[in-house]
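The working numbering puts the first residue of the sequence shown at 181, with every later residue one more than the last.
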Amino acid sequence: MSTPQTPVKTPVKTSGRPLRALTMLAVILVGLLGTALIQGADSVRLGLDLRGGTSVTLQPRASNDANKVTSEAIDQAVSIIRQRVDSLGVAESEVTAQGSGTNRQIVISVPGESGRRVVDLVGQTAELRFRQVLAESSALAGIGGGEATPAGGVSADINARFAALDCTNPANLQGTGADSPSETIVACARTGTTKYILGPAEVLGQQVSKASAGIDQQGASAWFVSLTFDGDGTRAFGAQTARVTSLPSPQNQVAIVLDGLVVSAPSIREAIPSGEAQITGSFSQVEAQDLANVLKYGSLPLAFDRGEVQQVSPTLGEDQLRAGLLAGALGMGLVLIFSVAYYRGLGIAIVGSLGIAAAMLYLLFLVLGKSIGFTLTLAGIAGAIVAIGVTADSFIVYFERIRDELREGKTLRTAVETGWSRARRTIIVADIVSLIAAFLLYFFAVGGVRGFAFTLGLTTLIDLLIVFLFTKPIVTVLARWKFFASGHPLSGLSPKSVGMKEKNARISQTESPLEA
């Protein structure tokens, strides 16, 4: 009869080298700090509710007989304006329609000093037309006794309006976007130096599929806007340019008209069948980029009368920021007090983890503020406060697993490893659930809710990083100390704290030294 053999206990394999993980975390923190210094980011960008900004109300009206003020048109305008704001990297801006039915107004709120420029941009109707020039003259021709040469082939009324048009009057240089594409019109150049009679539009802004800003590297380093037309636009632009090439000046010019003002009117020397064009006109970099962004996201279906423009005071925001930071500090303080009171010496890992997580979050706020325009709002602060609880849950799950293992008679170092192998799955799943919730909120919500979702998702990712690169490694290091391994009453791992029975109350110290 065979003799029964005593089972051989396989030692628990340690999960990686703790100093390697801690070094990796240090490299990440130094990298973030270095990036912030290189960017010159020395303060967190605050949103409208915390630092003030600009708020404007736009009253929609029909731009022509074909465009009626309907609920659908207002919704479309809100969508286009929001796209324009997002394309400029202006974070935490709000674009909403207020009111009911066709009486709704569009309210745009933009944080910071750049708010007025953005508001001016997003309200443009961006009605782009390509029209043949029928006549051109200096801005003062026909005004104050000057002569405006009549244009042939147009009505006497058009000639009269052309003679009377004063392009030195600022009111005529505002642009309305209300010009009908099927009619012959008179218009000023955006610079106010020239006036034109223009034929019906043959290519429209809706036929532009792409738009981008560029700079002429070979010429005078002037900025321009490149356009690419869709299929219909390519055919129409090719036919228009082919038709005017053989005509005398100025009939061989094609005017590029934006919101009723002539941006440029180049002479066409040969047909352009490629479906690509450039808009020039002494643009600055900002003007070229803004125009490209406006054209890229389409024309607004309505024209707008600007209503009340308000500068939002940051005074209330300062109070909110102070209250939010106080709430965050109180939440952090309560978590730390509970951690030290309940886990005692083991609370060192929690204090260190939360401190490093807070430092990493602050550095990310600095870096993201410069790189993607991230701004911190009161909703974002709320997301960070909620994340304190998410992070605390991770610690509790892991530490309670360690205590469970100790109650089963395992040594501390073994309990640290087996507890981690069982706790990390729970931690990962819990954080993934938070990430999914943050992802859905961010992409399906608007306004401040997106700020809450972004901060919640960011802090959840930080939690995963800290738990793997700091909390677990530092607990592994602490397990080497006699203070913890012997179950000192203040360690948080004493038999009484763990809830062990007397016969299992001895914690072994016979494990091999920890690899570093």
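For each residue, glycine too, the CB sits at the ideal point set by N, CA and C.
Predicted model only: the values in this text are computed from it and were never measured.
Under 8 Å: do the region 555-573 and the region 629-641 share three or more Cβ pairs, one atom per stretch? yes
Residues near ARG262 in its chain [Cβ-Cβ closer than 6 Å; skip 5 each side]: VAL275
Helix, strand or coil for THR276 per DSSP? strand
How is the beta strand (DSSP E) around ALA367 delimited, first residue to last? 365-368
Verify whether the separation of the beta carbon atoms of GLY425 and GLU450 is less than 7 Å. A small fix is needed here, since residue 425 is Thr in this sequence, not Gly. Yes, they are a contact pair.
The alpha helix (DSSP H) with VAL596 in it runs from where to where? 592-624
By Cβ distance below 6 Å, which residues in the same chain neighbour SER677 in space, the five residues on each side in sequence not counted? none
So, at 6 Å on beta carbons, what are the nonlocal neighbours of ALA416 in its own chain, with the 5 sequence-adjacent residues on each side left out? GLU382, VAL383
Please report the straight-line C-alpha distance between PHE648 and ILE459, rounded to a whole angstrom. 54 Å
Check for me: the alpha helix (DSSP H) holding ILE338 runs from which residue to which? 336-344
Going by the beta-carbon positions, is the gap between ILE448 and THR408 smaller than 7 Å? no
Along the alpha helix (DSSP H) that carries PHE664, what are the first and last residues, could you check? 662-665
With 16 other CB atoms within 10 Å as the buried threshold, where does PHE663 fall? exposed
Would you identify the three-state DSSP class for ARG197, choosing helix, strand or coil? coil
Under 7 Å between the Cβ atoms of ILE607 and VAL577? yes
Between the alpha carbons of VAL207 and TRP600, how many angstroms are there, rounded? 24 Å
Going by DSSP, name the residue or residues bridged to ILE395. TRP403
By the three-class DSSP mapping on this structure, what secondary structure does ASP485 have? strand
Tell me whether LYS390 sits in a helix, a strand or coil according to DSSP, three-state version. strand
From VAL210 to VAL442, what does the alpha carbon distance come to, in whole angstroms? 52 Å
With 16 as the cutoff for other CB atoms within 10 Å, does LEU138 come out buried or exposed? Within the shown structure, residues of the chain are numbered from 181 to 696, placing residue 138 beyond reach of any answer.
So the candidates are ALA435, TYR376, VAL249, VAL434; which of them puts its Cα closest to the Cα of ARG341? TYR376
If you scan the region 539-575 from start to end, which runs of the beta strand (DSSP E) of 3 or more residues do you find wholly inside it? none
Identify whether GLU456 lies in helix, strand or coil by the three-state DSSP scheme. strand
Three-state secondary structure assigned by DSSP to ARG630: helix
Just how far apart, CA to CA, sit ASP410 and THR215? 41 Å
Just the C-alpha distance for LEU256 and THR250, rounded to the nearest angstrom, thanks. Here residue 256 is Gln; the residue named in the question, Leu, does not match the sequence. Distance between the alpha carbons of GLN256 and THR250: 10 Å.
Can you grab the Cα-Cα spacing for the pair PHE404 / ILE260, in whole Å? 23 Å
What do you get for GLY227, buried or exposed, if any count of 16 or more other CB atoms within 10 angstroms of its CB means buried? buried
VAL188 to LYS590, Cα distance in whole Å? Caution is warranted here: a pLDDT of 40 is assigned to VAL188, below 50, making its placement in the model unreliable, and the coordinate value is therefore given only provisionally. Near 15 Å, if we compare the C-alpha coordinates of LYS590 and VAL188.
Going by other Cβ atoms of all chains shown within 10 Å of its Cβ, with 16 needed for buried, is THR348 buried or exposed? exposed
Taking all protein chains shown into account, do 16 or more other C-beta atoms lie within 10 angstroms of the C-beta of LYS390, making it buried, or fewer, making it exposed? exposed
Alpha helix (DSSP H) containing GLY411: first to last residue? 411-424
So, helix, strand or coil for LEU726, using DSSP? Any property of residue 726 remains undetermined from this structure, which presents the chain solely from 181 to 696.
Taking C-alpha atoms, which residue in ILE612, ASP611, GLY637 lies nearest to PHE623? GLY637
Using only alpha-carbon positions, find the residue among ALA665, LEU641, GLY549, ALA572 that is nearest to VAL596. ALA665
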